[in-house]
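**Student:**
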Amino acid sequence: MASERIWTAALVVIGDEILSGRTQDKNVAQLATWLNVQGIRLAEVRVVADREEAIVEAVNTLRARNDYLFTTGGIGPTHDDITVDAIAAALGVGVEHHPDAMATLTRYYETRGGLTEARARMARVPVGAGLIENRVSGAPGIRIANIFIMAGVPHITAGMLDALTGTLEGGRPVVSRTIGCWVGESEVADILRATEKAHEEVAIGSYPFFREGRTGANFVVRSADPARVDACLADLTAALRAAGREVIDDGI
Numbered sequence: 605m606a607s608e609r610i611w612t613a614a615l616v617v618i619g620d621e622i623l624s625g626r627t628q629d630k631n632v633a634q635l636a637t638w639l640n641v642q643g644i645r646l647a648e649v650r651v652v653a654d655r656e657e658a659i660v661e662a663v664n665t666l667r668a669r670n671d672y673l674f675t676t677g678g679i680g681p682t683h684d685d686i687t688v689d690a691i692a693a694a695l696g697v698g699v700e701h702h703p704d705a706m707a708t709l710t711r712y713y714e715t716r717g718g719l720t721e722a723r724a725r726m727a728r729v730p731v732g733a734g735l736i737e738n739r740v741s742g743a744p745g746i747r748i749a750n751i752f753i754m755a756g757v758p759h760i761t762a763g764m765l766d767a768l769t770g771t772l773e774g775g776r777p778v779v780s781r782t783i784g785c786w787v788g789e790s791e792v793a794d795i796l797r798a799t800e801k802a803h804e805e806v807a808i809g810s811y812p813f814f815r816e817g818r819t820g821a822n823f824v825v826r827s828a829d830p831a832r833v834d835a836c837l838a839d840l841t842a843a844l845r846a847a848g849r850e851v852i853d854d855g856i
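For the sequence shown, the working numbering gives the first residue as 605, with consecutive numbering after it.
Here it is, written out as structure tokens:
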């Protein structure tokens with residue numbers, strides 16, 4: 605039987621402030637979670653500086669080997685917000701002011717000091733692009749080909765993802781269940797390996813920690829098939845208990 609099609613996405617996080625450590629990125633986790641519900645797997649993430657050549661290289665590399673590419677950051681009103689120009693360059697198209705974006709921003713800023721030249725920069729899109737609704741701050745996101753260009757501010761990104769919900773083709777969402785043990789990861793590595801090998805299309809992630817003066821690990825079983833998850837989890841639990849380990853449902 606042929607394997608089920610796996611849909612993948614990549615994320616390019618854009619911004620000097622991320623690379624400098626001044627700002628901590630939160631969009632990777634929220635995009636990964638959202639994509640999972642859409643049946644799409646976040647396959648890779650790259651963080652790049654506010655340099656056109658770096659953005660162009662990342663965009664062209666990642667969009668070619670994934671079904672979808674998301675970018676966050678660099679679409680604001682200031683001179684260093686160059687994401688739109690860089691992606692237009694990557695696609696070999698020009699940049700224009702989208703009329704619907706201009707209308708949206710005009711309405712939004714009508715009682716906020718008006719639509720200045722700087723604010724109008726947020727209506728610039730690569731030629732041929734569509735818009736992603738932004739119910740939070742007016743300035744829309746952008747979609748062109750398989751690329752989705754979104755804000756860097758996490759709560760605005762969340763609103764744009766909400767607007768995209770149900771619009772992307774994907775597969776079945778990945779299902780996961782967790783168990784935990786107060787045990788060193790290396791002590792049960794053979795059990796984890798053998799159990800995963802015995803269950804096709806299932807992955808077991810091991811996440812060790814040191815807490816309360818003890819070493820432990822949580823084991824996350826993932827698959828697009830809930831029945832496979834349940835079967836693998838049952839076998840893993842039985843194998844750990846047979847080895848004398850106490851298993852804690854839902855993790856520690």
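Just so you know, even glycine gets a beta-carbon here, dropped at the ideal spot from N, CA and C. Note that the structure is predicted; figures quoted are calculated from it, not measured.
#1: Secondary structure at Glu773, three-state DSSP: helix, strand or coil?
#2: CA-CA distance, Trp611 and Ala692?
#3: Go to Arg655, then tell me how far its beta strand (DSSP E) extends in each direction, as first and last residue.
#4: For Trp611, list the residues DSSP reports as bridge partners.
#5: Among the residues of its own chain, which have a CB less than 6 Å from the CB of Gly848, if the five just before and after it don't count?
#6: Should Thr782 and Asn822 be called a contact, given that it needs their Cβ atoms to be closer than 7 Å?
#7: In chain order, what residues of the same chain have a beta carbon less than 6 Å from the beta carbon of Ile852, not counting five sequence neighbours either side?
#8: By the DSSP assignment, the beta strand (DSSP E) with Arg826 in it spans what residues?
#9: Below 8 Å, how does it come out for the region 750-759 and the region 667-677: are there three or more Cβ pairs, yes or no?
#10: Would you mind working out which of Gly770, Thr771, Ile736 and Gly775 sits nearest Gly763, comparing C-alpha positions?
#11: Have a look at Ser810, Thr841, His803 and Ala653 and flag the residue whose alpha-carbon is nearest the alpha-carbon of Asp684.
#12: For Leu695 versus Pro744, is the C-beta spacing smaller than 7 Å?
#13: Please confirm if Ser810 has its CB atom under 7 Å from at least one CB of chain C.
#14: Could you name each continuous beta strand (DSSP E) segment of 3 residues or more that falls completely within the region 692-729, going from the start of the chain to the end?
#15: Is the beta carbon of Val550 sitting closer than 7 Å to the one on Ala668?
#16: Can you tell which of Glu657, Leu666, Ile746 and Leu635 has the C-alpha that lies nearest to the C-alpha of His701?
#17: Kindly indicate which residue of Asp620, Gly619, Leu844 and Gly742 has the alpha-carbon position closest to the one of Glu789.
#18: Identify whether Val778 lies in helix, strand or coil by the three-state DSSP scheme.
#19: Flag this pair as yes or no: are the beta carbons of Ala838 and Arg826 separated by less than 7 Å?
#20: Measuring alpha carbon to alpha carbon, tell me which residue in Ser741, Asp671 and Tyr672 is nearest Arg711.
#21: At what residues does the alpha helix (DSSP H) containing Ser790 begin and finish?
#22: Start and end of the alpha helix (DSSP H) containing Arg832?
#23: DSSP on Arg669, reduced to helix/strand/coil?
**Tutor:** Judging by the given coordinates:
#1: coil
#2: 25 Å
#3: Taken as a continuous stretch (DSSP letters only), Arg655 belongs to no beta strand (DSSP E), as it is neither H nor E.
#4: Ile644
#5: none
#6: yes
#7: Gly784
#8: Arg818 to Ser827
#9: yes
#10: Ile736
#11: Ala653
#12: no
#13: Absent from the structure is chain C; it holds one protein chain and no more.
#14: 699-701
#15: The structure shown does not extend to residue 550, since the chain is modelled only from 605 through 856, so no value can be given for it.
#16: Ile746
#17: Leu844
#18: coil
#19: no
#20: Ser741
#21: No alpha helix (DSSP H) holds Ser790; DSSP gives it neither H nor E.
#22: Pro830 to Ala846
#23: coil
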